[in-house]
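Chains as they are written, first to last, in this note's numbering: chain A, 1196 to 1335; chain B, 1196 to 1335.
This report concerns only the one structure given below.
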DNA sequence: CAAGAATTTTAGAATCGTTCTAAATAACGA
DNA sequence: TCGTTATTTAGAACGATTCTAAAATTCTTG
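Right, here's the structure in full:
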C-alpha cells in the first residue's frame, strides 16, 4: 500500500483513537477524519458510507457500522434515535438538545444553556439519571 | 359468525372509533379494547399482535400495523421512537413526558406538570413548534 | 525485523421490524 | 338488497442493521 503523508489532522485523529483505546486502522482513521474534520454533525451509517465512497475511501458498510458503534462505545460519538427508520450519530457528545424538523428529518443542536429545566421528577426508586434529552419538534 | 353481546366497553370503544372517523370493524374494535381497556400503555406492534393472539382475537400482523397507524393519524394514539429498534404507541395522547429505562427498554409516563421548562430557544425562522419531548434516561 | 497473538475488516448471508401488493371480505348508504 | 368504498389479509418485498467466518492488518515480543 502507498505511504500517506501524515498531516496535522491525521495526527490529531490518530491520537483521539489511541486515547480512546481503538486501534488506528486505515479505515477508522479515514472515517474519523470525515466525522471530526469540521464542526459538529449528525450522520447516519449510510450517509457516512456514501461520503467515504465520494472521498475514495475504500470501506465496507459493515466497517462503517462497526466504527460508529466502537466510537460511540468509547464516547467519541453519541447515538440518537428520533425517527425509528434509522439511527443518527452525533459528533457533539457534550450536554445539548435538539431541534427535529419533522418534514425533512433534519436535526440541529441546541446548546445546553439555551434550555432551562426548572423542575424534574425524581427517578423512580432513586435510580440514576443517565441523561435528559429535550427534543423540540418543528412541524414546518 | 357468532353474535356477541354488546358490553359497555364495546359501546364506548365503538363510539370512539366512529367519532374518530374510523369504521368500527371487528378487528379495530378488538384491538382498541385491548389498548384502551385500562390505564395508559406503551405497546409495540408485535406486543399488541401477541396480546391479541392470547385473547383469541384473530388479526393479521398487517392489520395491527394498519390499526396502530390509523389510530395515531386520528389522534387516538401517539407514536414514540426512542429506541431505533422499534416504535412504541402511547395511549396517552395528552401533554406528558417519559422515563426511559435503558436496560429494559421500558417506558413510563411523566405528568406534564412534573416537568417545568423555564427557557426554550426560538424555533429557527420562527417555525412552529409541534411539541417538546423530554426523555429522562435511567441507566439502572 | 520476524513471528505469533489479538484485533479488525470484509462480502455476503441473515435477521428484524415494517410496508407493500393485490385479491378477498366486510361495512356503509341508498 | 345492491353497488360503492374501506378494510383485511397472506405473503412477498424492503431497508436498516447485524452476523458469519475467513482474510488481512496491527500490535507485541524477542
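Ideal placement from N, C-alpha and C gives every residue a C-beta, glycine not left out.
Which residue's Cα is closest to the Cα of residue 1307 (chain A): B:1304, B:1315 and B:1256? B:1315
Any chain A beta carbon closer than 7 angstroms to residue 1326 (chain B): yes
In chain A, what lies closer than 8 angstroms to residue 1309 (chain B) by C-beta? Residues of chain A passing the Cβ test: 1314, 1315 and 1316.
Note down, in chain order, every chain A residue with its Cβ under 8 angstroms from the Cβ of residue 1276 (chain B). Proximity of chain A to residue 1276 (chain B) at the Cβ level (cut-off 8 angstroms) is accounted for by 1276, 1277, 1278 and 1279, in chain order.
Chain B within 7 angstroms of residue 1335 (chain A), Cβ atoms only: yes
Apart from the five residues on each side of it in sequence, which residues of its chain come closer than 6 angstroms, Cβ to Cβ, to residue 1196 (chain B)? Here residue 1196 (chain B) scores only 44 on pLDDT, less than 50, and its place in the model is too uncertain to base an answer on.
What are the partner residues of residue 1332 (chain A), as DSSP defines its beta bridges? BP columns for residue 1332 (chain A) point to A:1295 and B:1326.
Going along chain A in order, which residues have a C-beta closer than 9 angstroms to the C-beta of residue 1329 (chain B)? 1312, 1315, 1327, 1328, 1329 and 1330
Going by DSSP in three states, residue 1237 (chain A) sits in which element: helix, strand or coil? For residue 1237 (chain A), the three-state secondary structure derived from DSSP is strand.
Step through the CB atoms of chain A and report whether any lies within less than 7 angstroms of the CB of residue 1196 (chain B). Low confidence applies here, because residue 1196 (chain B) scores a pLDDT of 44, under 50, leaving its location unreliable; read the following figure in that light. For residue 1196 (chain B), the nearest beta carbon of chain A is not closer than 7 angstroms to its own beta carbon.
Boundaries of the beta strand (DSSP E) in which residue 1264 (chain A) is found, first to last residue: Taken as a continuous stretch (DSSP letters only), residue 1264 (chain A) belongs to no beta strand (DSSP E), being part of the alpha helix (DSSP H) at 1256-1268.
Go through its chain and collect everything with a Cβ distance to residue 1334 (chain A)'s Cβ below 7 angstroms, but skip five positions before and after it. 1297
Just by C-beta distance, which residues in the segment 1230-1250 of chain B are closer than 9 angstroms to chain A? none
So, does the segment 1287-1294 of chain B touch the segment 1267-1283 of chain A, judging by three or more C-beta pairs under 8 angstroms? no
Would you give the residue range spanned by the beta strand (DSSP E) that residue 1273 (chain A) belongs to? 1273-1275
Pairs of beta-carbons, one from the segment 1238-1256 of chain A and one from the segment 1252-1265 of chain B, closer than 8 angstroms: are there three or more? no
Does residue 1299 (chain A) get closer than 7 angstroms to chain B when you measure Cβ to Cβ? no
Which same chain residues, not among the five before or five after residue 1324 (chain A), have their C-beta less than 7 angstroms away from its C-beta? 1318
Flag residue 1322 (chain B) as yes if its beta-carbon sits less than 7 angstroms from any beta-carbon of chain A, otherwise no. yes
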